[in-house]
Ligand code: SF4
Ligand code: SF4
Ligand code: SF4
Ligand code: FES
């Protein structure tokens, strides 16, 4: 799959994003199972999957909108709401769960004042839950974009998030 | 061919046969829910579990192929208990208010529970969230009743090629419905009701309008007339446990009269009228194309009686709208004529009349409330009941259907030719049109044995025929030597394939009959459940029998049709016809 450009380039107009999507569509349209990579690409360039984009994809692929929506809602990595700059995923896989993953989730929710699936008003954070990121030995684990935070304690949550607020999160 | 035993009986069947199919061969029934005739099994419901010797867990018989030497037990303790457990679990997640449910006593889940002798639900399952969808005129969906069998998904996506509904989400939170659990009006849905016709439970049903009809009948100031579509007489009996294909025309008329309608009429009458108008329209189009060489004439002409098809064309093939005959459907022609011509005759104002129709179709509920359908100044057809609703209404009226004597339709909108009867099945509208058009053009008798055009009869998806016009009466001499090419198509995914060929120019015809539902109206979304190919064929032969039993079998021979032109309409495609009997179409967004 082509490298997707990330959404933080805010100077790109919507029209240009659709043009990029069109190029990608041209290549993937007739491939069996092409819908998923197309949706992944669209999410990468738009940041999320707005209704307009999904309807566009459905028309271009000549697939019913309900089918496209069914695929989007089947996979948890697709989002139909704008996502924050940082996507926090709290692991609730078995290992993390028994070692307090649920408490971590509650602490994050309380800190950000949002629920799972939501984004903070300042568009900085979105919250999702995950099912095992392969770091069970170091449970409980949270993922902020690509950064893995291991052996997290509820009392440490505010500090971890604070670093991202202050712009030094990626260096943690 | 593998040989196996089922309940110790030996059976041989072809490689690839499933246990379910093999069992059927030796008359062993295994219950099913998600399984659908003519489709790959999806193995979703597990209601069809059986025991296979040597395999620890019971297997789904609908999707397990047979093997040489297999020993299957469909009735062992293990098999019975496994199936019972599956049904118990379904019930535990199900909003089971049977007494209030319109599927009570016509519900596959309920009868399975009864057959299995389930007296107690041992588990308390989490019920899924209720999303009640009343967004369309035709259908009501209730997610709390849905057992996720996905039959509706198969029908909507594969048979109809519309795709309004699809599984949304995953796991326990899977909902079967429109995009993101929205309402049906948020996506394109042609309102055909094929989903409601296959749903085993009360999760998708027609919008019930019985109370509106009682209210009209109870109102002494209203004159309430009823019309019944051709396909009703071949299916209504099934609501009273008659064999599919039993004709109950006479009993139906008596039942309607006893319910209290002021006049009992026939949509067949306006089916005959449609043939006159549509036949004339076809000949006019041909004349413009062949004689006047008018390039703007849209050919092939496509029939317009199926509102599911009209909805489909408006969304999926807007470029083909000029090809569709401008004739209203017989239901709507009836409404327009009843509230003008007939109202005048009986000295009533159209606003004091209520026109009720009984249709095999849920899309007719939608059609009746289209804004164009008010040529009388009022909504021409007020209330549309499906065959199933009429069945319920007859029960509500306390009538013993079996004991009803035969009645005859009232005059002047009740008499019809045999050609009108076959409007209810695929190929019938075309045959009816050919019977009339051929005789108008040639002045000779229609040359087919028993008047049937066999190549366009039957359940094949796309059918074609041609009729050579050897000689003509002087008015139509430009058609001399022309080979009239016609096609017949039903089931929207077949329609899609044919329309693509028409648009690309790969296929050329003069005239095409299009019906939305597989088998035509006899297989409509409002017909008694469950309609499979055997039932379709039985209803079709019933309509052919009804046709063959009539003295008059051609629309133009119907004396009441002649009369309505003399007294009122004057001439086909004339000013009055234009005002009352014709319509136009609008492109719609496809979602
Ligand atoms: S769908 Fe069937 S089992 Fe469920 S409430 Fe209705 S009749 Fe009862
Ligand atoms: S009414 Fe027809 S088009 Fe609409 S959801 Fe049901 S099957 Fe699909
Ligand atoms: S709505 Fe009916 S047919 Fe569709 S999945 Fe649910 S139970 Fe099955
Ligand atoms: S009928 Fe076999 S799994 Fe549903």
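Residue numbers (our numbering), protein chains in the order written: chain A, 28 to 199; chain B, 1303 to 1893. Backbone N, C-alpha and C define an ideal beta-carbon position, used for all residues, glycine too. Please read all numbers here as calculations on a predicted model, not as lab measurements.
Closer than 6 angstroms to some heavy atom of ligand 4: that does not describe the Cβ of residue 1414 of chain B.
Note on residue 1630 of chain B: 16 or more other CB atoms within 10 angstroms of its CB, so buried under the neighbour-count rule.
Residues of chain A with a Cβ closer than 7 angstroms to the Cβ of residue 1467 of chain B are, in chain order, 93.
The closest heavy atom of ligand 2 lies less than 6 angstroms from the beta carbon of residue 1492 of chain B. An exposed status is given to residue 103 of chain A, since fewer than 16 other beta-carbon atoms sit within 10 Å of its beta-carbon. Of the residues assessed, residue 1609 of chain B falls on the buried side of the cut-off, its CB having 16 or more other CB atoms within 10 angstroms. With its beta carbon less than 7 angstroms from one in chain B, residue 96 of chain A belongs to the interface. The Cβ-Cβ distance between residue 1726 of chain B and residue 1533 of chain B falls below 7 angstroms. In the DSSP assignment, the residues bridged to residue 1791 of chain B are B/1764 and B/1816. At a beta-carbon threshold of 7 angstroms, none of the residues of chain B lie near residue 183 of chain A; the nearest stands roughly 32 angstroms away. Short of 7 angstroms from the beta carbon of residue 1456 of chain B, and not among the five residues preceding or following it, lie these beta carbons of its own chain, in chain order: 1338 and 1341.
For residue 1466 of chain B, the CB contacts under 7 angstroms within the same chain, skipping 5 residues up- and downstream, are 1458, 1480, 1486, 1489, 1490 and 1491 in chain order. Rounded to the nearest whole angstrom, the C-alpha separation of residue 1702 of chain B and residue 1870 of chain B is 40 angstroms.
Taking a C-beta cut-off of 9 angstroms against chain B, the contacting residues of the stretch 98-111 of chain A are 98, 99, 100, 101, 102, 103 and 107, listed in chain order.
Interface flag for residue 1481 of chain B against chain A is set, since a Cβ pair is found closer than 7 angstroms. B/1677 is the residue among B/1317, B/1677, B/1310 and B/1765 whose C-alpha sits nearest the C-alpha of residue 1886 of chain B.
In chain order, 1893 make up the part of chain B whose C-beta sits under 8 angstroms from the C-beta of residue 82 of chain A. In this structure, ligand 4 has a non-hydrogen atom nearer than 6 angstroms to the beta-carbon of residue 1348 of chain B.
Three or more beta-carbon pairs separated by less than 8 angstroms link the stretch 1721-1738 of chain B to the stretch 1840-1853 of chain B, which places the two stretches in contact. For residue 1528 of chain B, the closest Cβ of chain A is not nearer than 7 angstroms. Rounded to whole angstroms, residue 1811 of chain B and residue 1464 of chain B show a C-alpha spacing of 25 angstroms. Secondary structure note for residue 1314 of chain B: its beta strand (DSSP E) is the uninterrupted segment 1311-1314. With a threshold of 7 angstroms between beta carbons, residue 1496 of chain B makes no contact with chain A. The stretch 109-120 of chain A makes contact with the stretch 165-184 of chain A; the number of CB pairs closer than 8 angstroms reaches 3 or more. B/1889 is the residue among B/1598, B/1866, B/1385 and B/1889 whose C-alpha sits nearest the C-alpha of residue 1620 of chain B.
Bounds of the alpha helix (DSSP H) holding residue 52 of chain A are 41-55.
Put simply, the CB of residue 1649 of chain B is far from chain A, with every gap to its CB atoms at 7 angstroms or more. For residue 1443 of chain B, the pairing in a beta bridge is given by DSSP as B/1435 and B/1506. By the beta-carbon neighbour count (other beta carbons within 10 angstroms, threshold 16), residue 1892 of chain B is buried.
In the DSSP assignment, residue 1305 of chain B falls within the unbroken beta strand (DSSP E) covering 1305-1308. Within the stretch 1824-1889 of chain B, the alpha helix (DSSP H) runs of at least 4 residues that lie entirely inside it are, in chain order, 1835-1850, 1861-1866 and 1877-1883. Shortest gap from the CB of residue 1456 of chain B to any heavy atom of ligand 4: 6 angstroms or more. Taking a beta-carbon distance threshold of 7 angstroms, residue 1489 of chain B counts as an interface residue toward chain A.
Residue 1818 of chain B and residue 1494 of chain B do touch by the CB rule: their CB atoms are close to 5 angstroms apart, below 8 angstroms.
If only uninterrupted alpha helix (DSSP H) runs of at least 4 residues are considered, those enclosed by the stretch 1665-1706 of chain B are 1665-1670 and 1689-1698. At a cut-off of 7 angstroms between beta carbons, residue 1416 of chain B makes no contact with chain A.
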